[in-house]
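Residues are numbered in the working numbering as their position in the sequence shown, beginning at 1, plus a constant of 6. Cβ atoms here follow ideal geometry from the backbone N, Cα and C, with glycine treated the same way. The next block holds one structure in the form of C-alpha cells; read it before the comments.
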Amino acid sequence: METTPADASPTANHRGLSRFVRPLLILGIVLAAVSAVLLFIVLGLDAFTATVYSVGGKSINDPTPEAEALRDQYLGAKIAAIVGLVIGGVLLVGSLVVMYLNRSRNGDDGDDLSFEELAGE
Numbered sequence: 007m008e009t010t011p012a013d014a015s016p017t018a019n020h021r022g023l024s025r026f027v028r029p030l031l032i033l034g035i036v037l038a039a040v041s042a043v044l045l046f047i048v049l050g051l052d053a054f055t056a057t058v059y060s061v062g063g064k065s066i067n068d069p070t071p072e073a074e075a076l077r078d079q080y081l082g083a084k085i086a087a088i089v090g091l092v093i094g095g096v097l098l099v100g101s102l103v104v105m106y107l108n109r110s111r112n113g114d115d116g117d118d119l120s121f122e123e124l125a126g127e
C-alpha cells in the first residue's frame, strides 16, 4: 500500500490528535464541575452535622467514638470529590495546552461554508 504525501503530513497527525483533545476537554470540564458541586454539598452536610451535634453541648472535636464517627462520616465522598477535581483539572489543562500548541497547525480543511452556500443561493 502506497502512502501519499498528504498522509505523511503533520496536519494529518494533528487531525487525529484533535479528535481526542476536544472530548477530553469536555470530560475535564464536566468532571471538575460535578466534583466541585459534590465537594460543596458534602462540606455543607458536614458543617450541618457538626452544628447539629454541637447543639447539645458536645463538641465535634471530642475524642469520643461518636464524634470520631461523625468526623469520618463523609471522608470517602470528600476524597472522591478532591480526586475528581484533580483529574478533571489535569484533563482540562492538558487538553488546553495541546490545543494551544497546535493552534497554528489548523489548516484549511475545506469544510468552511460561505454565506451564499448557507442561505441556499
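>> Whole angstroms are fine: how far does the CA of GLY34 sit from the CA of SER101?
In response: The C-alpha of GLY34 is placed about 9 Å away from the C-alpha of SER101.
>> What would DSSP say about ASP118, mapped onto helix, strand or coil?
In response: Of the three classes helix, strand and coil, the one that applies to ASP118 here is coil, per DSSP.
> Who are the near neighbours of VAL27 in its chain, counting only those whose CB is closer than 6 Å to its CB and skipping five residues on each side?
Replying inline: Excluding the 5 residues flanking it on each side, VAL27 has same chain C-beta neighbours closer than 6 Å at SER101, VAL104 and MET105, in chain order.
> Among residues of its own chain, excluding the 5 on either side of LEU81, which ones have a beta-carbon nearer than 6 Å to its beta-carbon?
Replying inline: Nothing meets the Cβ criterion.
>> Please give the ranges of any alpha helix (DSSP H) in the segment 59-101, keeping only runs that are unbroken, at least 4 residues long and fully inside the region.
In response: Correct list: 71-77.
> Does the distance from the CB of GLY90 to the CB of LEU31 come in under 8 Å?
Replying inline: Contact: no.
> What's the gap between the Cα of ALA56 and the Cα of PHE46?
Replying inline: CA-to-CA, the gap between ALA56 and PHE46 works out to about 15 Å.
> Hey, how far is the Cα of VAL92 from the Cα of PRO71?
Replying inline: Computed Cα separation, rounded: 32 Å.
>> Measuring only the C-alpha atoms, how far is SER110 from LEU97?
In response: Between the alpha carbons of SER110 and LEU97 lies a distance of about 21 Å.
> Helix, strand or coil for PRO11 per DSSP?
Replying inline: Residue placement at PRO11 is poorly supported in this model, since its pLDDT is 49, which falls under 50; the coordinates still yield a value, given next. PRO11: coil per DSSP, three-state reduction.
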